Every structure is written in structure tokens, then in C-alpha cells.
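Counting from 1, one number per residue, gives the positions in the sequence shown under full-length UniProt numbering.
Even for Gly, the Cβ is constructed at its ideal location relative to N, Cα and C.
Quick caveat: nothing in here was measured; it's all calculated off a predicted structure.
What follows is a short report on a single structure.
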Amino acid sequence: MRRKNSLSFNGLYLTSNELILVSLQEKMPIPSVVIEPASSNEGDDDRDADIISPSAVSDDGVTHPSHVLKHMTPSGGASGFPDDFLYKVETMHDFEAANSDELELKRGDVVLVVPTASVEDQEAGWLTGMKETDWLSLGVGAPRGLFPENFTQRLD
1 MRRKNSLSFN GLYLTSNELI LVSLQEKMPI PSVVIEPASS NEGDDDRDAD IISPSAVSDD
61 GVTHPSHVLK HMTPSGGASG FPDDFLYKVE TMHDFEAANS DELELKRGDV VLVVPTASVE
121 DQEAGWLTGM KETDWLSLGV GAPRGLFPEN FTQRLD
């Protein structure tokens with residue numbers, strides 16, 4: 001049954017307003033997600049400087065391995081996590097770091113979350129952490145970086 005002032009569209013009779021709405025819905029692109037970098041200090045980051053690893057040299061000028069090993073162990077706290085460890089998350093999506101202060105992540109990576117230094121980054125939905133695999137192999141030398149919280153799922 002045809003309605004007054006309607007047009008046929010795929011076997012349905014629609015008013016001109018309904019037809020315009022259907023037409024717009026068919027042509028609308030799927031929105032893409034754009035993630036802004038966590039900080040705009042690209043290029044002026046102090047962390048780009050050469051990292052000098054600490055070494056324990058006694059008064060006689062000899063490096064003692066036991067002191068160096070103390071800096072290299074991943075034990076951190078009694079729990080086996082970094083001293084400032086908060087909780088673990090698993091990444092649900094790949095994240096490509098845009099700045100040197102961001103962490104490159106692949107889906108399935110487990111990240112140890114630590115406090116975020118910048119309130120602005122935290123309020124913008126960014127977390128700070130290190131990959132668990134890096135922590136286990138590098139200890140306190142594991143790279144830390146920012147990553148988007150909405151790319152992760154908290155682990156219990």
C-alpha cells in the first residue's frame with residue numbers, strides 16, 4: 001500500500017525525509033580513531049640524552065660486580081615487581097608510539113602500570129608502564145612509557 005507523498009525504496013514506501021535519512025546512512029563513512037600523542041614535547045625530551053649506567057667503584061678504583069648486579073635485578077620490591085608498581089593490564093590493540101616518551105605495544109602484551117608523572121597525561125587517559133617481558137629481562141633498566149588506557153584491560 002503506497003502512502004501519500006511517499007517514494008518507493010527497495011520495495012518500501014518512504015517519505016522524502018525518511019528517504020534522505022536512509023540515503024545519508026548508506027553514504028556515511030565509518031569514523032576512524034585518531035590518538036593524539038601523549039605529550040607535545042617531541043624533540044625536547046631529556047630522556048633522549050645518553051644514559052649512563054650506574055657502576056659501583058670503590059675507593060681503590062675497582063668495580064665490584066655485586067653492586068652492579070644489585071642495579072640489574074628485576075626484584076624491585078618484595079613482590080618481584082617495580083617498587084612503584086600499581087597493577088597489570090593487557091593490551092587489546094596494537095599501539096604505535098608517536099613520541100619517544102610513549103611505549104610501543106602489540107596486542108596481548110602485559111604491561112606493569114606505574115604512577116603517571118603528569119596529571120595532564122593521566123587526565124587525558126594515558127597510563128605509564130613497562131612491558132612485563134622487559135621488566136623480567138632488564139629489571140630497573142626496562143623502558144617506561146605512556147600508552148592509552150582505552151587500549152587495555154586491567155588484569156586481576
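Do the CB positions of Phe81 and Val111 come within less than 8 Å of each other?
No, they are not a contact pair.
Are Asp115 and Met130 closer than 8 Å when you measure CB to CB?
Note that residue 115 is Pro in the sequence shown here, rather than Asp. Taking 8 Å as the Cβ cut-off, Pro115 and Met130 do not qualify as a contacting pair.
Look up Phe151 in the DSSP assignment and say whether it is helix, strand or coil.
Correct three-state label for Phe151: helix.
By how many angstroms is the C-alpha of Leu127 removed from the C-alpha of Thr154?
Rather than Thr, the amino acid found at residue 154 in this sequence is Arg. Looking at the two C-alpha atoms, the distance is approximately 12 Å.
Ignore the nearest five residues each way along the sequence and tell me which others in Arg107's own chain have a CB closer than 8 Å to its CB.
Within the same chain, Arg107 has close Cβ partners Thr91, Met92, His93 and Asp94.
Is Ala98 near Gly145, with beta carbons less than 8 Å apart?
No. Outside cutoff.
Beta carbon of Leu86, beta carbon of Val119: below 8 Å?
No, the Cβ-Cβ distance between Leu86 and Val119 is not below 8 Å.
If I follow the unbroken beta strand (DSSP E) through Thr128, where does it start and stop?
Residues Trp126 to Lys131.
Quick check: what's the CA-CA separation for Gln122 versus Asp84?
Using only the alpha carbons, I get a separation of about 16 Å.
Can you say whether Asp156 is buried or exposed, counting buried as having 16 or more other CB atoms within 10 angstroms of its CB?
Counting Cβ neighbours within 10 Å, Asp156 comes out exposed, since fewer than 16 surround it.
List the DSSP bridge partners of Phe85.
Bridge partners of Phe85: none, in fact.
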